[in-house]
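Residue numbers (the numbering used here): 2 to 167.
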């Protein structure tokens, strides 16, 4: 049963269990973990942006975007360019599977890593929203990366390590 609904979010009740559904993206989000190889070791690119549900100061998090229909990998390529300026092809994406954010939402994240070593980013245009217009990106070492509170970052990092060990 739908308890509340608007174009962005729905609150659902199934037998007394209440959870959220992200209506705006059909409950699907793509998250990416770009990385590059440097003489000092691998570095990872994350976003620094204001995420109101996490506070009024910029927070480090994954590069993410909502599903817009069609192939989710197309959304990943588009979001990566919008939020980081890196233009890659779908074939460059390293699939890392799917994950949930929490037990209070049915949102499914489709996860990718992508090696941007040697690429030069263009302009990160964002999607025109207020929070994206003031967002930036930061390169982090693995030690810095694991301190990020966004759970998708940890899942992507672990799965990427697992693929390398593979």
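Positions of the beta carbon are idealized from the N, C-alpha and C atoms, including for glycine.
- Every beta strand (DSSP E) of 3 residues or more that sits fully in the stretch 29 to 108 is shown, in chain order, as 29 to 39, 42 to 51, 59 to 62, 64 to 67, 94 to 101.
- One Cα belongs to residue 47, the other to residue 137, and the distance between them is close to 9 Å.
- The Cβ neighbour count for residue 72, taken over all protein chains shown within 10 Å, is under 16; the residue is labelled exposed.
- Using a C-beta cut-off of 8 Å, the stretch 148 to 158 makes contact with the stretch 95 to 103, since at least three inter-stretch Cβ pairs fall below that distance.
- Note on residue 53: under 16 other CB atoms within 10 angstroms of its CB, so exposed under the neighbour-count rule.
- Within the same chain, Cβ atoms closer than 7 Å to the Cβ of residue 88 are found at 82, 123, the five residues on either side in sequence being excluded.
- Residue 10 and residue 41 have their alpha carbons spaced roughly 43 Å apart.
- A distance of 8 Å or more separates the beta carbons of residue 153 and residue 92.
- One Cα belongs to residue 148, the other to residue 16, and the distance between them is close to 37 Å.
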